[in-house]
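Sequence order for the protein chains is A, B and C.
Quick note: the first sequence uses the working numbering, first residue 630, plus one each step.
Quick note: the second sequence uses the working numbering, first residue 183, plus one each step.
Quick note: the third sequence uses the working numbering, first residue 907, plus one each step.
Built from N, CA and C at the ideal position, the CB exists for glycine as well.
The structure under discussion appears below in the form of structure tokens.
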Amino acid sequence: MRHLLSTQGLPRDEAIAILDVAEDMAAVSEREVKKLPTLRGKTVINLFFEDSTRTRISFEAAAKRLSADVINFAAKGSSVSKGENLKDTAQTLAAMGADAVVVRHWASGAPKTLADAGWIDAGIVNAGDGTHEHPTQALLDAFTIRRRLHGAAARGKGLDGVTVTIVGDIVHSRVARSNVWLLTTLGAHVTLVAPATLLPVNLSGWPVETSYDLDDAIAQGPDVIMMLRVQAERMTAAFFPNAREYSRQWGLNDERMTALPTSSMVMHPGPMNRGLEISAGAADSPQSTVLEQVANGVSVRMSVLYHLLSGAVER
Amino acid sequence: MSVRTVLQHADITRALTRISHEILESNRGSDDLVILGIPTRGVTLAKRIAAIIQSVDPTPVTSGVLDVTMYRDDLAQNPTRATGPTDIPAGGIDGKTVVLVDDVLYSGRTIRAALDALGDLGRPRAVRLAVLVDRGHREFPIRADFVGKNLPSSMEERINVRLEEIDGSDEVTIG
Amino acid sequence: MSIRIVNATLPNGERADFTIERGVFTDATAADRTIDAAGLQALPGLVDLHTHLREPGFEQSETVLSGSRAAAMGGFTAVFAMANTMPVQDTAGVVEQVQSLGNDHGYATVRPIGAVTEGLDGVTLSEIGAMANSRAGVRVFSDDGKCVHNALLMRRALEYVKTFDGVVAQHAQEPTLTVDAQMNEGAVSSELGLAGWPAVAEESIIARDVLLAEHVGARLHICHLSTAGSVDVIRWAKARGIAVTAEVTPHHLLLTEELVRGYDARFKVNPPLRRDEDVHALRAALADGTIDIVATDHAPHPPEAKECSWAEAAFGMIGLESALNVVQQAVVDSGQLNWTDVARVLSQKPAEIGRLDGYATPFALGSAANLVLVDPSARSTFSTESLRGKSTNSPYLGRELPGRVMTTIHNGYETVRDGDVVDAAEVAQQARLAESEAANV
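Structural data, given as structure tokens:
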């Protein structure tokens, strides 16, 4: 694998291969020596044009457990904020000998531009680009679902027939996009639930069902319900009237929790707005996978870095 | 180049039985013995050896799996390899005698990786190596303690180990 | 110097020989120089109603010299220079300066467009009368790049410009519907996670403005139509007798939003590339006359404006050198337009809208000798070698396009000879000569 830019177009066998290696990486994370020599001598640069401590430390832990050297390059307060453009930044990282660049950018498509423009030869991992995709988040979500369903027998399996309901700000969510493509590639059925203002205007190319009504969606008894973070600034832009109304209509509160089958998983990519899109009771229930998602994030990112950097370089 | 069979089912069984007895003898019984197979065929051989030992000495013998992919030194020369699970028997390897089992001993690089992998899992009292076939051409100062058959070969020749559990029949060919 | 052109094919398909002396077509049969135009298509000199020459203010992207040289390379003999320079073309002084730069260089007639509002601020009318009555004789007014979105101001602009026989060229984009917009809003923008630019943001302004134009009895020109819905509105307005004209760019006739999938900023343009359905509606509208003209919206940018993430990149593509090739590919080779239509949409009609003299009766004895000879059978891969302006932000690099401009003649002298632009010093000297001859007549 040369780059990981999106889950759209990621073949099923490649996705499963990433999840399977992640199982072995998870085993490493459970032993006393949590380190492998696999990427010794490789340099991974975390290039973050947007703050995200969680994602950055997850990638940092993943790279370090594989013995890669990690350099963190945050755009704030650096040459980037002084008007240096993406090309100059990329060429600087290339000159430093980067083997892989993990890039988080506020602009959709920036990782693809880095991968395609010829400014740098390194493998590019998209760690979240604008409102486009966040492929490692979707992979760790799929990994979490698969593990909960199949435990130690998860290797080699997809998510065939699993029903997943994603609720919230779909239109601005890179997590939702990556999950829609990946989960359906793995055989899951995805339903999106949101007010019309928070759904893309045209979903003709998306292999999903949509609904405006969360109670209806819960009554279907989905295997997984994934709550998305709602940004406060959406209210000022008239996507919905206020937090109270949003919470009443599309929040996973305690009452809706009791209507959900006890076998349903409750997922959230974090950070959560407790009391807005998810109640404390739902977030902390045994059905919640929130902390597993964080732990699995490291294993999945180890697997992704392994797939990008361990084999003979494809050109 | 013509392909010829060098070990048949009965030869393989005989070799493994001999290896099992040698292991018991050198370990003075099966106490604190951990048999670890290196995927893919080493795992099958390790299971067979553990079963033979068990049939001779009633003390339970545990076998497991040691995946060495992440420790290999040739990852960059090949397409990305799939990894596999490592399965260490309960009780771990600290203070135990670990017998590594592989089908063919060649350059020694796989065993070098296995020794590194073991080091990250604990501190065995001793590590031994058992192989079905030793074909020579070592690139590391590594030798096997228990060998089913020494098979001098040219580097152009290909040694193919087939085992019933995986391939449907037992056979070692060279060609 | 007189030029005789033999064996040319006129737009109507007739074979013709003609002679050019002192800037006009004459009936002489001998000349200083003869061009054999066998197999070549003769067209009247092309007129671009929508060019960004960037001078003054953005000379790193383009200058009047480099932009008019690019125009000549593409077969254009006249360009209308948009007002969004720095300073803005909102006073008689600036428009006269731009026009005189064009006259001095001589590659093409440069007619400045005046800003509708001071500094393109959308608040205060600029000195439209002063620009109209200046030596530049401005007749086209536009805040292009920005929409005159205040309805009352648009009404006043239409009325006031009418006073000077001018036309307001509207950049139709409702700003509140296109905050941070990056590409056409639809299935592709949903997948790519780029903020959508809905068709209705264009169509609603056009609908409002044709009604305003009808109400005040003014001429209105709509820049770069890009959607099927806009075509419907224009068709309705024309049927109603409203004095509206409309333009389409070559790129909106050929390229679709699918190209955005690679996030290559060369395809970032305002208005955005639209759906395949829109492209087909625009072609049909150009063929049936609903859309009056093709204009390039040639928008040069320096490399750094495109070597960045999509959202950070500047809007715009260059188009002068490729316009005729793209029109041939999109609508001529498909049989929707013949060469008479091409002459109409790329020469006569834009000249008429812009009140540019000399283009009403092409090739007629005594009329101005502005023409282009094209080899429609040529095919080549468009590359930076094909460009003669300063910038390289073309969406066609690496793409095979039909047709090649072999000769461009502006006011009786060659600006393109044997498929390449003539040296700047020679063109400038010919331009001075032509000016003095015109003065003597």
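Item                                                                                                                             : Value
Of the residues B:LYS229, B:LEU311, B:ILE275 and B:ASP213, the one placed nearest ARG305 of chain B, counting alpha carbons only : B:ILE275
is_contact[ASP249 of chain B, chain A] using C-beta, thresh 9 Å                                                                  : yes
Cβ neighbour criterion (16 or more within 10 Å) applied to GLU1153 of chain C                                                    : buried
Cutoff 9 Å: GLN1088 of chain C Cβ touching any chain A Cβ                                                                        : yes
GLY1076 of chain C in three-state terms, based on DSSP                                                                           : Gly is not the amino acid found at residue 1076 of chain C; the sequence shown has Gln there. Strand at GLN1076 of chain C.
Integer-rounded CB distance, given that LEU1230 of chain C should sit under 8 Å from GLY980 of chain C                           : 6 Å
Contact list for PRO890 of chain A against chain B, beta-carbon separation under 7 Å                                             : By Cβ distance, chain B contributes nothing, its closest Cβ being about 31 Å from PRO890 of chain A, past 7 Å.
PRO261 of chain B at chain A interface by Cβ criterion, 9 Å                                                                      : yes
Extent of the continuous beta strand (DSSP E) to which TYR1319 of chain C belongs                                                : 1319–1323
Classification of VAL354 of chain B by the beta-carbon crowding that lies within 10 angstroms, buried from 16 upward             : buried
Partner residues on chain A for TRP1103 of chain C, Cβ-Cβ distance less than 7 Å                                                 : Neighbours of TRP1103 of chain C on chain A: none; closest Cβ ~11 Å, over 7 Å.
Partner residues on chain B for PRO640 of chain A, Cβ-Cβ distance less than 7 Å                                                  : The contacting residues do not exist; PRO640 of chain A stays about 14 Å from chain B at best.
Cβ-Cβ distance between GLY266 of chain B and THR195 of chain B below 9 Å                                                         : no
Beta carbon proximity, GLY266 of chain B to chain A, threshold 9 Å                                                               : yes
Residue-level contact to chain C via CB, ASP745 of chain A, 9 Å cutoff                                                           : yes
Residues bridged to TRP1103 of chain C [DSSP beta-bridge criterion]                                                              : C:ASN1090
Simplified DSSP assignment, three categories, for ARG263 of chain B                                                              : coil
Nearest-angstrom Cα separation, counted from ALA651 of chain A out to PRO240 of chain B                                          : 38 Å
Cβ-Cβ distance between VAL796 of chain A and LEU832 of chain A below 9 Å                                                         : no
Coil, strand or helix - ARG944 of chain A by DSSP                                                                                : Its pLDDT being 46, under 50, ARG944 of chain A is placed unreliably in this model, and the value from its coordinates should be taken loosely. In the structure shown, ARG944 of chain A sits in coil (DSSP, three-state: anything other than H, G, I, E or B).
Within 9 Å, strictly: CB atoms of SER681 of chain A and VAL927 of chain A                                                        : no
As assigned by DSSP and simplified to three states, the class of SER202 of chain B                                               : helix
Same chain, Cβ closer than 7 Å to ILE201 of chain B, neighbours up to 5 away in sequence not counted                             : ILE231, ALA312, PHE328 and GLY330
Alpha carbon of THR891 of chain A to alpha carbon of ALA1093 of chain C, nearest angstrom                                        : 36 Å
Candidates B:ASN209, B:PRO323, B:THR244 and B:LYS229: closest to GLU347 of chain B by CA position                                : B:LYS229
Spatial neighbours of ASP1026 of chain A in its chain, beta-carbon cut-off 7 Å, leaving aside the 5 residues before and after    : With chain A running from 630 to 944 in the structure shown, residue 1026 of chain A is simply not present.
Distance, GLN878 of chain A Cα to SER908 of chain A Cα                                                                           : 13 Å
Whole-Å CB distance - ASP770 of chain A paired with GLN922 of chain A, under 8 Å assumed                                         : 7 Å
Interface flag, GLY940 of chain A vs chain D, CB-CB below 9 Å                                                                    : In the displayed structure, chain D is absent; the protein chains listed are A, B and C.
Own chain, CB closer than 6 Å to THR969 of chain C, minus 5 neighbours either side, in chain order                               : GLU961
Burial state of VAL804 of chain A (16 or more Cβ within 10 Å)                                                                    : buried
DSSP state of LEU1131 of chain C mapped onto helix, strand, coil                                                                 : coil
GLN259 of chain B burial status per 10 Å Cβ neighbour count (16 or more: buried)                                                 : exposed
Inter-residue Cα distance where the pair is VAL1150 of chain C and ALA767 of chain A                                             : 51 Å
Which listed residue (C:ALA1340, C:PHE924, C:MET907 and C:ILE909) has its alpha carbon closest to that of THR915 of chain C      : C:PHE924
DSSP state of MET1060 of chain C mapped onto helix, strand, coil                                                                 : helix
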